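Structure first, commentary second.
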Amino acid sequence: ETGVTQSPTHLIKTRGQQVTLRCSSQSGHNTVSWYQQALGQGPQFIFQYYREEENGRGNFPPRFSGLQFPNYSSELNVNALELDDSALYLCASSLLWVVRGEGIQETQYFGPGTRLLVL
Amino acid sequence: AQTVTQSQPEMSVQEAETVTLSCTYDTSESDYYLFWYKQPPSRQMILVIRQEAYKQQNATENRFSVNFQKAAKSFSLKISDSQLGDAAMYFCAYNTDKLIFGTGTRLQVFP
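Next comes the structure, spelled out in structure tokens:
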């Protein structure tokens, strides 16, 4: 058990719809990262939130957006769903230290994921 | 750009035997972390072991150990006394501010 939860576990949407995925981080962790894992692939970094602000983004279009809340919860929103968005979405929480302007991130702990199918 | 390469798509091992999974990475950074994660069929990503790049000593966690060669940018995972429950996808990952994963190695364990 990592103490990181995600909801829902499974979701089916149709192309063009919007979806919101939720994550609850470990207590005390100030950073949440989201990853997309297509079948047979390694996870790909979508973005990271640190203290409720975006702190880095991977090669994903703006229709992927997120929010982080003070109560250790966070959301991943995807607009205008496409068939290729079908994947496992993983969130990971961690503690990020900023020392002399540089970020030092401790181990990321993953939730069980949300499986999204876009038809 | 940082990259992580796992050159073994599949490996197999007999129960109680030892197996080594390979990983190489490319980076210009001097301080970073390396991880091995295990992903069973449930697809929950589970941390197996972590190595800080500034530490010369190889990390060990019970039956799991790594061979970290910083100059060669190599980070292999050794699983000793393999168990049926070790069967899973294993991902090597590099971390500074985000995790960069390799493509994974599927490990099968035969009784």
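If you read the protein sequences in the order shown, they are chains A and B.
Taking my numbering, the leading residue of the first sequence gets 1, the next gets one more, and so forth.
Taking my numbering, the leading residue of the second sequence gets 1001, the next gets one more, and so forth.
Just so you know, even glycine gets a beta-carbon here, dropped at the ideal spot from N, CA and C.
None of these values were measured; they are calculated from a predicted model.
Three-state secondary structure (DSSP) of residue i
i, result
"A/L83", "helix"
"B/D1081", "coil"
"B/D1031", "coil"
"B/D1026", "strand"
"A/Q108", "coil"
"B/E1052", "strand"
"A/Q119", "Contrary to the premise, residue 119 of chain A reads as Leu rather than Gln in this sequence. Note: A/L119 maps to coil in three-state DSSP."
"A/V4", "coil"
"A/F64", "strand"
"A/T114", "strand"
"B/Q1069", "strand"
"A/F69", "coil"
"B/T1096", "coil"
"B/E1010", "strand"
Beta-bridge partners of residue i, as assigned by DSSP
i, result
"A/E52", "Paired residue(s): none; A/E52 is not in a bridge."
"A/L21", "A/L76"
"A/F47", "A/W34, A/R57"
"B/M1089", "B/Q1039, B/R1106"
"A/H10", "A/R115"
"A/A92", "A/S33, A/F110"
"B/L1047", "B/Y1037"
Residue closest to residue i, alpha-carbon to alpha-carbon, out of the options
i, options, result
"A/R15", "A/Q108, A/A80, A/T107, A/L76", "A/A80"
"A/L119", "A/A87, A/E52, A/F64", "A/A87"
"B/M1045", "B/Q1083, B/Y1054, B/F1075, B/A1093", "B/A1093"
"B/M1011", "B/P1041, B/T1003, B/L1021", "B/L1021"
"B/A1071", "B/D1081, B/K1078, B/Q1056, B/T1060", "B/Q1056"
"A/Q44", "A/D85, A/E75, A/R22", "A/D85"
"B/I1079", "B/A1001, B/T1005, B/Q1014", "B/Q1014"
"A/S60", "A/F47, A/Y72, A/E53", "As written in the sequence, residue 60 of chain A is Phe, which differs from the Ser given in the question. Measuring from the Cα of A/F60, the nearest candidate turns out to be A/F47."
"A/Q105", "B/T1105, B/P1111, B/T1096", "B/T1096"
"B/P1111", "B/E1052, B/D1081, B/T1105, B/G1104", "B/D1081"
"B/N1062", "B/Q1002, B/L1077, B/M1089", "B/L1077"
"A/N55", "A/S33, A/F64, A/L76", "A/S33"
"B/T1003", "B/Q1108, B/D1031, B/T1103, B/K1038", "B/T1103"
"A/Q17", "A/R115, A/V78, A/Q6, A/Y89", "A/V78"
"B/Y1033", "B/V1109, B/Q1069, B/R1043", "B/Q1069"
"A/F110", "A/I12, A/K13, A/L11, A/R22", "A/R22"
"A/E52", "A/E1, A/S93, A/G113, A/V4", "A/S93"
is_contact[residue i, chain D] using C-beta, thresh 8 Å
i, result
"A/L76", "Included in the structure are the protein chains A and B, with no chain D among them."
Per-residue burial, residue i [other beta carbons within 10 Å of its own, 16 or more giving buried]
i, result
"A/L117", "exposed"
"B/I1100", "buried"
"A/V98", "exposed"
"B/F1035", "buried"
"B/F1091", "buried"
"B/Y1054", "exposed"
"A/G28", "exposed"
"B/L1049", "Reading off the sequence shown, one finds Ile at residue 1049 of chain B, where the question assumed Leu. It counts as buried."
"A/S74", "buried"
"B/A986", "This structure does not reach residue 986 of chain B, given that chain B is present from 1001 up to 1111, and the question cannot be answered."
"A/P62", "exposed"
"B/A1016", "exposed"
"B/P1040", "exposed"
"A/Q108", "buried"
"B/W1083", "Residue identity check: residue 1083 of chain B is Gln in the sequence provided, not Trp. Exposed: under 16 other Cβ atoms inside 10 Å."
"B/Q1051", "buried"
"B/G1085", "exposed"
"A/Q6", "buried"
"A/L90", "buried"
Contact test: residue i Cβ vs the ligand MG heavy atom, cutoff 7 Å
i, result
"A/I46", "The ligand content of the structure shown is nil, which means the ligand MG is not present either."
Query raised in the report: Does the count of Cβ pairs from the stretch 27–45 of chain A and the stretch 1015–1033 of chain B closer than 8 Å reach three?
Result: Too few Cβ pairs lie closer than 8 Å, so no.
Query raised in the report: Just checking, does the stretch 1002–1010 of chain B make contact with the stretch 67–79 of chain A on the three C-beta pairs under 8 Å criterion?
Result: Cβ pair count under 8 Å is below three, so no.
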